[in-house]
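Accompanying notes for the structure given below.
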Amino acid sequence: MKTWIVVSALALGTSLSGLAAEGGPDKDDKPGPARPAADGADEVAVIETSLGTMVVEFWPDSAPNTVANFKKLARQKFYDGVCFHRVIKGFMIQGGDPLTKDEGKKMLWGTGGPGYTIKAEFNDRSHIRGVISMARSQDPDSAGSQFFICHGNPTFLDGKYTAFGRLIKGYDVLDKIANTPTGPRDIPVKRVNIDRIRIVPRSEIEKQQ
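Residue numbering for the sequence shown follows our numbering, starting at 21 and increasing by one per position.
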């Protein structure tokens, strides 16, 4: 059975020292080199959760097919009602499994998907705090719907997972989710629901600021 999870570096004894502090993007984060505009960059994802709202900008120049797949699933309301089923403070929060809509299938959480997989689009984007990336099994081309948002700076994932965007709003919500108590298999004790994910023009968010 495939497991749709980030291949845990923790299980391999990889150190997570030097992770980002909470409260916002890293103070030392510096913008990368200018990149040409790409189709879809003018849209953002509004992730509405039971602990608040996060907004993600996309990187279609780095992972066009991954961005298109995420948008498609969001518009189909695929993500509405799933939860963050794996939370590791200082590492990442993971969601997007349709099986998490059913509490009776908890033993299967982490194995669900949309019924297809997409090819990896590994790129030069670094896995730092707030970056959203696709979860997968050991097979590089096994991503489907599950994604994770980095809570720390797990740069050891660079070039091994498809990063396709980053939070531009809601770092406080990311911290709240990452700090929620967890039980076996890193499942939150109290469900952290993804109520819905909306794809909207970036201008709509900018007007609210």
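C-beta atoms are modelled at their ideal positions from N, C-alpha and C, and glycine is treated no differently.
Considering I169, what are the terminal residues of the beta strand (DSSP E) in which it resides? Stepping through the sequence shown from its first residue, residue 169 is reached at position 149. Residue range F167 to C170 is occupied by the beta strand (DSSP E) that includes I169.
Would you mind giving the Cβ-Cβ distance between R5 and S82, rounded to the nearest angstrom? I have them listed as a contact below 8 Å. Missing from the structure shown is residue 5; the chain here goes from 21 to 229 and no further.
Given a threshold of 16 other Cβ atoms within 10 Å of its Cβ, counted over all protein chains shown, does P174 qualify as buried or as exposed? Numbered from 1 along the sequence shown, position 154 holds the residue referred to as residue 174. Result: buried.
Among residues of its own chain, excluding the 5 on either side of T86, which ones have a beta-carbon nearer than 7 Å to its beta-carbon? Translated into positions along the sequence shown, residue 86 becomes position 66. Hits under 7 Å: I138, E141, M154, T182 and F184.
For R216, three-class secondary structure by DSSP: The residue you call residue 216 lines up with position 196 of the sequence shown. Three-state result, R216: strand.
With distance defined between alpha-carbon atoms, name the residue in K210, F168, L194 and G179 nearest to D117. Against the sequence shown, residue 117 aligns to sequence position 97. Measuring from the Cα of D117, the nearest candidate turns out to be F168.
Quick one: Cα of D215 to Cα of F176, how far? If you number the sequence shown from 1, residue 215 lands on position 195. If you number the sequence shown from 1, residue 176 lands on position 156. Taking the straight line from one Cα to the other gives about 31 Å.
Can you tell me whether DSSP reads V209 as helix, strand or coil? For the purposes of this step, residue 209 is taken as residue 189 along the sequence shown, with counting starting at 1. Correct three-state label for V209: coil.
At which residue ranges does the region 101-165 contain complete beta strand (DSSP E) runs of 3 or more residues, listed in the order of the chain? 104-108, 112-115 and 151-154
Closest by C-alpha distance to K125, when choosing among K109, V102, M74 and N143: Position 105 of the sequence shown holds residue 125. Among K109, V102, M74 and N143, the Cα nearest to that of K125 is on V102.
Would you be able to state if there are at least three C-beta pairs under 8 Å between the region 126-134 and the region 95-109? Contact holds: three or more Cβ-Cβ distances are below 8 Å.
Would you kindly work out how many angstroms separate the C-alpha atoms of D206 and F111, rounded to a whole number? On the sequence shown, residue 206 is found 186 positions in, with the first residue counted as 1. On the sequence shown, residue 111 is found 91 positions in, with the first residue counted as 1. The alpha-carbon atoms of D206 and F111 are separated by roughly 12 Å.
State the DSSP-derived secondary structure class of A88, mapped to helix, strand or coil. Sequence index remark: in the sequence shown, residue 88 carries index 68 (1-based). Here DSSP, grouped into helix, strand and coil, assigns A88 to helix.
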